[in-house]
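Residue numbers (this note's numbering): 24 to 280.
One structure is given here, and the rest of the page talks about it.
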Amino acid sequence: MNTLFCPCCGAENPLERSVCQKCKADLGVVKSILDTANLHYNRALTLAGEGRYPEAELEATAALELYNKNPRYHNLLGTIYARQGKFNRAQEAWETTLYLEEDTSSAYRSLQRLQRLSSNGTLEAPRRRTTSVFDVLLLLLLVFFGWMAHHYYVEQLVNDYELRIQSRDAERSAEQQLGGLVAASGSSSQRQTDMEELLEEIRQYVALMQEQTAEMRAQATEMRSQAVEMQAQYDRLRERLVRDASPEAASPPPPQE
Numbered sequence: 024m025n026t027l028f029c030p031c032c033g034a035e036n037p038l039e040r041s042v043c044q045k046c047k048a049d050l051g052v053v054k055s056i057l058d059t060a061n062l063h064y065n066r067a068l069t070l071a072g073e074g075r076y077p078e079a080e081l082e083a084t085a086a087l088e089l090y091n092k093n094p095r096y097h098n099l100l101g102t103i104y105a106r107q108g109k110f111n112r113a114q115e116a117w118e119t120t121l122y123l124e125e126d127t128s129s130a131y132r133s134l135q136r137l138q139r140l141s142s143n144g145t146l147e148a149p150r151r152r153t154t155s156v157f158d159v160l161l162l163l164l165l166v167f168f169g170w171m172a173h174h175y176y177v178e179q180l181v182n183d184y185e186l187r188i189q190s191r192d193a194e195r196s197a198e199q200q201l202g203g204l205v206a207a208s209g210s211s212s213q214r215q216t217d218m219e220e221l222l223e224e225i226r227q228y229v230a231l232m233q234e235q236t237a238e239m240r241a242q243a244t245e246m247r248s249q250a251v252e253m254q255a256q257y258d259r260l261r262e263r264l265v266r267d268a269s270p271e272a273a274s275p276p277p278p279q280e
């Protein structure tokens with residue numbers, strides 16, 4: 024890039040000029056902005072060479088925000104996009120490069136290579152990365168709900184055991200009270216009536232305890248089935264994550280700068 028664009032009239036000026044050759048406007052501010060943009064561009068080059076593409080993308084974008092007329096900035100940003108699998112953005116950046124400077128051979132070659140890879144159906148890297156993140160979140164949810172189901176199942180078993188103990192204690196207490204009443208009842212009709220009412224209350228209490236025990240047992244069985252199903256889903260998902268994490272047999276080389 025060997026020209027400066029005047030911010031007032033838009034005319035092109037050689038780098039060595041300090042004022043616009045058309046409108047005589049001061050080009051010192053433009054040169055200062057261009058120097059800062061070049062600084063970001065050089066940092067982007069260094070970071071891209073080290074494989075630190077997200078940071079390089081930020082530096083190249085900063086350079087373009089300061090001065091977007093330089094085709095080298097767009098060409099570098101296109102290469103950085105391609106290295107990260109952002110092929111649509113890379114194509115836009117290279118097309119902008121050719122629009123600004125038609126004889127940029129590296130951008131032209133990169134676009135041709137990108138079109139060949141796209142026609143072969145080999146540009147799938149970003150989709151796999153997104154799916155993997157979703158799978159990890161789904162895996163965490165399955166583990167959490169599986170733990171909750173297991174915890175609820177154990178709690179229901181404990182409650183069922185406590186209800187059984189309470190029912191057994193109630194039956195023993197009823198038997199003891201009944202034995203005491205029988206011993207003291209004699210032939211009194213009132214005591215006979217009291218004894219029958221007590222027996223009826225005991226029967227109702229025992230029936231209620233048995234009903235609650237059966238209901239808790241059914242709920243615990245259902246939760247156990249759900250926990251088994253979640254465990255199966257977790258195992259299938261873990262197998263798929265392991266399979267997706269394995270290195271690919273072959274991956275297309277990214278377009279060159």
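For every residue, glycine included, the Cβ atom is placed at its ideal position computed from N, Cα and C.
It should be emphasised that the depicted structure is a prediction, and the values quoted were computed from it without experimental measurement.
*Mapping DSSP to helix, strand and coil, what is Pro37?*
Position 14 of the sequence shown, counted from the first residue, corresponds to residue 37. Three-state DSSP puts Pro37 in a strand.
_For Ala86 and Tyr96, believed in contact at Cβ under 8 Å, the rounded distance_ = Position 73 of the sequence shown holds residue 96. Position 63 of the sequence shown holds residue 86. About 5 Å; that satisfies the 8 Å criterion.
*asked:* Within the continuous alpha helix (DSSP H) that includes Leu70, where are the two ends?
replied: As a working note, residue 70 is residue 47 in the sequence shown. Gly51 to Gly72 is the span of the alpha helix (DSSP H), which, as asked, contains Leu70.
_Can you list, in chain order, the residues of its chain with a C-beta nearer than 7 Å to that of Gly51? Leave out the 5 residues immediately preceding and following it._
The count along the sequence shown starts at 1 and reaches residue 51 at position 28. These residues qualify, in order along the chain: Ser41.
*When we look at the beta-carbon of Thr120 and count the other beta-carbons within 10 Å, is it buried (16 or more) or exposed?*
For the purposes of this step, residue 120 is taken as residue 97 along the sequence shown, with counting starting at 1. That one is buried.
*Label Cys43 either buried or exposed according to how many other C-beta atoms from any shown protein chain fall within 10 Å of its C-beta, with 16 as the threshold for buried.*
On the sequence shown, position 20 is the one that residue 43 refers to. Counting Cβ neighbours within 10 Å, Cys43 comes out buried, since at least 16 surround it.
*From Arg136 to Thr102, what does the alpha carbon distance come to, in whole angstroms?*
As a first step, residue 136 is located in the sequence shown; it is residue number 113 there, counting from the start. As a first step, residue 102 is located in the sequence shown; it is residue number 79 there, counting from the start. Their backbone Cα atoms lie some 12 Å apart in a straight line.
*Nearest CA to the CA of Ser133: which residue from Glu118, Tyr122, Glu124 and Leu123?*
Start at 1 with the first residue of the sequence shown, and residue 133 comes out as number 110. Closest option to Ser133, Cα to Cα, is Glu118.
*What is the rounded straight-line gap between the Cα of Tyr228 and the Cα of Met246?*
Here residue 228 refers to the residue found at position 205 when the sequence shown is read from its first residue. Here residue 246 refers to the residue found at position 223 when the sequence shown is read from its first residue. Distance between the alpha carbons of Tyr228 and Met246: 27 Å.
*Taking only the alpha-carbon atoms, compute the straight-line gap between Lys109 and Tyr257 and give it to the nearest angstrom.*
By 1-based counting over the sequence shown, the position of residue 109 is 86. By 1-based counting over the sequence shown, the position of residue 257 is 234. Taking the straight line joining both Cα atoms gives about 31 Å.
*Report buried or exposed for Pro37, applying the criterion of at least 16 other Cβ atoms within 10 angstroms of its Cβ.*
Walking along the sequence shown from the start, residue 37 turns up at place 14. That one is exposed.
*Compute the distance between the beta-carbons of Glu82 and Ala67, then report whether it is under 8 Å.*
By one-based count along the sequence shown, residue 82 stands at place 59. By one-based count along the sequence shown, residue 67 stands at place 44. Closer than 8 Å, so yes.
*For the alpha helix (DSSP H) containing Tyr90, list its first residue and its last residue.*
The sequence position of residue 90 within the sequence shown is 67, counting from 1. Unbroken run through Tyr90: none, as it is neither H nor E.
*asked:* Among the candidates Ile225, Cys32 and Leu221, whose CA atom is the shortest distance from the CA of Cys46?
replied: Translated into the one-based positions of the sequence shown, residue 46 becomes position 23. Closest by alpha carbon: Cys32.
*Asn93: buried (16+ other C-beta within 10 angstroms of its C-beta) or exposed?*
As a first step, residue 93 is located in the sequence shown; it is residue number 70 there, counting from the start. Burial call: buried.
*Per-residue burial, Glu147 [other beta carbons within 10 Å of its own, 16 or more giving buried]*: Here the question's residue 147 lines up with position 124 in the sequence shown. Here the model assigns Glu147 a pLDDT of 46, short of 50, so the residue's position is not dependable, and the following value carries that caveat. Label assigned to Glu147: exposed.
*Figure out for me which residue from Leu221, Met232 and Arg263 has the closest Cα to the Cα of Asp192.*
Taking the first residue of the sequence shown as 1, we reach residue 192 at position 169. Taking only the C-alpha atoms, the option nearest Asp192 is Met232.
*Are the beta-carbon atoms of Glu78 and Leu89 separated by less than 8 Å?*
Translated into positions along the sequence shown, residue 78 becomes position 55. Translated into positions along the sequence shown, residue 89 becomes position 66. Cβ atoms of Glu78 and Leu89: not closer than 8 Å.
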